[in-house]
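Numbering (the numbering used here), first residue to last: 11 to 459.
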Ligand code: SAH
Ligand code: SF4
Ligand code: F3S
């Protein structure tokens with residue numbers, strides 16, 4: 011047990027009495043990206059290994075954990091609003107509020123001052139100690155803050171998983187320092203999880219009937235452990251018995267190489283889907299963002315993917331209104347969107363993040379940013395609907411994942427496009443389907459006759 015100044019040392023007696031007491035229950039609410047969702051599963055596994063009980067209804071929980079995101083101001087505002095709403099919940103005796111994740115790392119002290127009812131604040135690399143800290147807090151009613159970053163990868167922690175699809179973290183942190191992005195500051199330096207631990211986890215998952223697994227990292231192409239690089243890992247993992255589909259998220263365009271494209275092309279289990287964040291279609295803005303590629307490079311990369319894998323799905327992230335972006339430069343981004351026709355795009359307005367390089371740049375006006383976002387959303391909607399219409403009458407392999415509204419079932423194509431079938435179908439069924447209708451943006455499929 012740690013003996014630092016914040017940690018009480020237990021006597022044998024208190025250790026014993028602690029173990030005879032019933033351990034409290036916890037509820038966990040997650041904001042942010044898939045990495046954060048995966049981290050919530052890790053936290054759950056650590057607490058359950060220490061006899062804490064995970065429950066789905068916060069009303070009956072003794073501990074309320076909020077896993078937070080810092081990527082945009084909006085994400086932080088939502089998490090802060092949620093914490094604020096827990097004041098009453100926390101009023102009952104022996105209830106504890108825990109705030110973890112990227113925002114806890116970024117502004118732990120501010121949260122502690124603003125919300126006196128928060129008992130424990132942990133950054134993304136401190137989850138191993140969560141049970142130990144909670145034990146102390148219940149015993150001594152102290153408050154603990156621990157936000158140090160380290161080389162933690164939680165390699166040996168295998169969360170309890172269920173369902174048809176799930177995610178596995180293969181690395182943590184990021185070294186790219188895109189000038190707008192807070193992630194490298196709140197998640198620390200890039201480090202890869204040992205390949206054998208990833209393999210063990212994936213074998214366990216495939217044994218428990220998870221059929222579609224996504225390997226996760228801020229930049230999966232930078233995976234490197236011993237002599238295993240990312241394409242090596244893909245090929246290793248894809249051998250797992252029982253695994254039907256393998257995906258990965260996110261690829262930094264500068265690092266997505268031939269060997270990975272070839273692995274997707276040649277290996278049947280690896281799905282033909284690339285999430286390739288463009289961010290901007292203008293070279294000057296890309297330089298200011300520190301993205302380390304040009305518009306031409308990105309165009310050629312997409313061309314290479316499509317030449318090798320004609321039915322590949324390509325999705326992207328775009329930021330509008332980066333400081334100093336002119337209307338003409340914004341038009342270049344629109345130009346790239348209409349030229350490439352991404353199958354889907356996550357479109358964000360630039361959000362200044364304190365501590366990043368771009369925070370020092372003068373922001374554009376709210377009105378300009380809002381207007382650009384509105385325009386770009388409408389352009390992508392048209393592209394997405396056109397792409398959906400092109401799928402009409404075509405055959406796709408669909409893996410059914412679970413129920414949708416009105417007794418329907420939802421599933422995904424290999425390209426990660428959602429389709430709905432107006433029928434009840436057992437999750438896990440894999441079948442060729444024909445797209446028969448586009449309702450709004452939703453694709454409706456039927457069985458091949
Ligand atoms: N590692 C991934 C994703 C990181 S966060 C990558 O490199 O693409 C997901 C997306 O959030 C980013 O791709 C970017 O489009 C967006 N994002 C990050 N910081 C942002 C900011 N300050 N303002 C607006 N969008 C941001
Ligand atoms: Fe952020 Fe860039 Fe790293 Fe993605 S690659 S997490 S956008 S710094
Ligand atoms: Fe993810 Fe948000 Fe952290 S996007 S890495 S939870 S800042």
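Built from N, CA and C at the ideal position, the CB exists for glycine as well.
Rounded to the nearest angstrom, the gap between the Cα atoms of residue 202 and residue 85 is 27 Å. Residue 374 is bridged by DSSP to nothing; it lacks a bridge partner.
Inter-residue distance for residue 450 and residue 182 is about 37 Å (C-alpha atoms, whole angstroms). Sorting 156, 172 and 204 by C-alpha distance to the C-alpha of residue 179 places 204 at the top. In the DSSP assignment, residue 232 falls outside any beta strand (DSSP E) and carries neither an H nor an E. Counting only runs of at least 4 residues, the stretch 138-166 fully encloses the following alpha helix (DSSP H) elements, listed from N- to C-terminal order: 140-150. Our two residues, residue 71 and residue 58, have alpha carbons roughly 14 Å apart in a direct line. Residue side-chain check: residue 262 places its Cβ nearer than 7 Å to a non-hydrogen atom of the ligand SF4. Counting only the Cα atoms, residue 335 lies some 32 Å from residue 268. Each of 333, 312 and 317 was checked against the Cα of residue 325, and the nearest Cα belongs to 312. The Cβ atoms of residue 443 and residue 428 do not sit closer than 8 Å to each other. Counting C-beta pairs closer than 8 Å gives fewer than three between the stretch 145-154 and the stretch 75-89, which falls short of the contact rule. For residue 199, there is no enclosing alpha helix (DSSP H), as DSSP marks it with neither H nor E. The beta carbon of residue 274 sits closer than 7 Å to the beta carbons of 280, 282 and 319 from its chain, once the five residues preceding and following it are set aside; these are given in chain order. In this structure the stretch 373-385 does not touch the stretch 90-103; the number of beta carbon pairs closer than 8 Å is below three. Taking a cut-off of 8 Å on C-beta distances, the stretch 127-138 touches the stretch 102-118, as three or more cross pairs fall below it.
Look at the stretch 204-274 and you find these whole runs of beta strand (DSSP E), each 3 residues long or longer: 222-226 and 255-259. Look at residue 193: its beta carbon is less than 7 Å from one of the heavy atoms in the ligand SF4. Residue 213 and residue 420 have their C-alpha atoms spaced approximately 25 Å apart. If you compare the alpha carbons of 193, 53, 120 and 91 with that of residue 367, the shortest gap goes to 193. With a cut-off of 8 Å on Cβ pairs, the stretch 386-395 is not in contact with the stretch 406-419, counting fewer than three such pairs. By the criterion of a C-beta distance shorter than 8 Å, residue 300 is surrounded in its chain by 186, 187, 188, 189 and 367, once the five residues flanking it on both sides are discounted. The C-beta of residue 305 has 16 or more other C-beta atoms within 10 Å across all chains shown, which makes the residue buried. When secondary structure is reduced to three states using DSSP, residue 432 falls in the coil class, being assigned neither helix nor strand. When DSSP states are grouped into helix, strand and coil, residue 336 belongs to the coil group. For residue 190, the secondary structure class from DSSP, reduced to helix, strand or coil, is coil. The closest CA to that of residue 35, considering only 346, 73, 245 and 45, is found on 73. Here DSSP, grouped into helix, strand and coil, assigns residue 404 to coil. DSSP places residue 292 outside both helix and strand once states are collapsed to three, so it counts as coil. Counting only runs of 4 or more residues that sit fully inside the stretch 29-104, the alpha helix (DSSP H) segments are 44-59, 83-94 and 97-101, in chain order. The Cβ atoms of residue 263 and residue 216 do not sit closer than 8 Å to each other. Of the candidates 408, 278, 453 and 141, 453 places its Cα closest to the Cα of residue 402. With a cut-off of 7 Å, the C-beta of residue 378 is classified as distant from the ligand F3S, since no heavy atom of the ligand falls inside that distance. Put simply, the backbone Cα of residue 291 is about 38 Å away from that of residue 220.
When only Cα atoms are considered, residue 197 and residue 173 end up about 28 Å apart. Taken atom to atom, the span from the alpha-carbon of residue 426 to that of residue 123 is near 43 Å.
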